[in-house]
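Residue numbers (our numbering): 10 to 341.
Positions of the beta carbon are idealized from the N, C-alpha and C atoms, including for glycine.
Let me begin by presenting the structure, written as structure tokens, before commenting on it.
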């Protein structure tokens, strides 16, 4: 969604929240910036109507309770409003750093495939008068990546639809077909998992999304099942994955007084003229790289090569993402 359209939608929400009456399309066009047009020009008016219809559909998809009705029995044209009781948020006092964190989170979820939820949250916060700028902290942005199976599995869990997919395990050459009633998707130790009821095994199972092969297919009707009440998905994944054996050792060079999180992780710390050498136990080079990248130039990997290469790859991904954002921003 472009910045101009986002601003127009926020202004539309503010307008419809600010009145108890149903406002007609003509009244909205005269009030909300971005809808200016000549109603006597047939083409210009038709363009406005298309834009307004798209915006109404967008608001409803974002969960905005848009009501339709008339101000009186004598009105022939329908009007629109948003009931504050159905849309209101509790008071949310955000400090500048907290508002920046919300902006970062929204960008992360947009990259991860939950753009609609992120847009809905930002629209509600802005309509409530809270200034949240998702572009304010470029350069301080951690990156969240998800597997291709993430979007269809989260959608299936939301809609309570059974799915089927091919799944590969390390000790087998060929993937096997699995049928699942997904309860939810969670992240555990840097990996994404889906938890649900395995129909073929009649038991609770967890599946790592990175091992899903090919397309996830929805095979059941929406609302076909209900997950257990109060189910703790993380606990299921933790029991299934077992304890992590951190047999690897990585040596990093940290700026004195910085990278407190890694210092707590370290099993050895030795001060030197060029910085502090930390020895970090690890089980997964990619996961460790994700932690190290968050400290920016304050941490440099000395060894082993697999961790250093994983960090370089993460930095390349960050650079590529910022290039995409810069290109998208320049095209608006």
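Residue burial classification, residue i (beta-carbon count within 10 angstroms, cutoff 16)
| i | result |
| --- | --- |
| residue 21 | buried |
| residue 88 | buried |
| residue 24 | buried |
| residue 83 | exposed |
| residue 64 | buried |
| residue 279 | exposed |
| residue 145 | With a pLDDT of only 40 at residue 145, under 50, the local geometry of the prediction cannot be trusted, and the value read off the model is given with reservation. Exposed: under 16 other Cβ atoms inside 10 Å. |
| residue 256 | exposed |
| residue 412 | This structure leaves residue 412 out entirely; the chain is present only between 10 and 341. |
Own chain, CB closer than 6 Å to residue i, minus 5 neighbours either side, in chain order
| i | result |
| --- | --- |
| residue 29 | none |
| residue 151 | With a pLDDT of only 44 at residue 151, under the threshold of 50, the placement of this residue in the model should not be trusted; the figure read from the coordinates follows. Here the set comprises 303. |
| residue 332 | none |
Best match in the options for proximity to residue i [C-alpha to C-alpha]
| i | options | result |
| --- | --- | --- |
| residue 203 | 41, 184, 271 and 172 | 172 |
| residue 296 | 316, 230 and 216 | 316 |
| residue 225 | 49, 78, 165 and 85 | 165 |
| residue 192 | 320, 237 and 222 | 237 |
| residue 241 | 70, 212, 276 and 205 | 205 |
| residue 78 | 70, 325, 48 and 31 | 31 |
Whole-number beta carbon distance between residue j and residue i, since they are thought to touch under 8 Å
| i | j | result |
| --- | --- | --- |
| residue 208 | residue 188 | 4 Å |
| residue 35 | residue 46 | Not quite, the Cβ-Cβ distance comes to about 10 Å (not below 8 Å), so this is no contact. |
| residue 223 | residue 170 | Wrong, their Cβ atoms sit about 18 Å apart, outside the cutoff. |
| residue 291 | residue 259 | 6 Å |
| residue 289 | residue 271 | 6 Å |
| residue 86 | residue 40 | That belief does not hold up - the Cβ atoms of residue 86 and residue 40 are roughly 15 Å apart, past 8 Å. |
| residue 175 | residue 184 | 4 Å |
Nonlocal neighbours in the same chain, by C-beta distance under 7 Å from residue i, ignoring five residues either side
| i | result |
| --- | --- |
| residue 307 | 263, 264, 267 and 268 |
| residue 323 | 298, 299 and 302 |
| residue 18 | 64, 67, 68 and 132 |
Proximal residues to residue i (C-beta, below 8 Å), its chain only, five neighbours per side dropped
| i | result |
| --- | --- |
| residue 231 | 168, 169 and 170 |
| residue 156 | 201, 218, 219 and 221 |
| residue 283 | 262 |
| residue 319 | 294, 295, 297 and 298 |
Counting only runs of 3+ residues fully inside the region 244-330, write out the beta strand (DSSP E) ranges in chain order.
257-263, 277-281, 284-291 and 308-312
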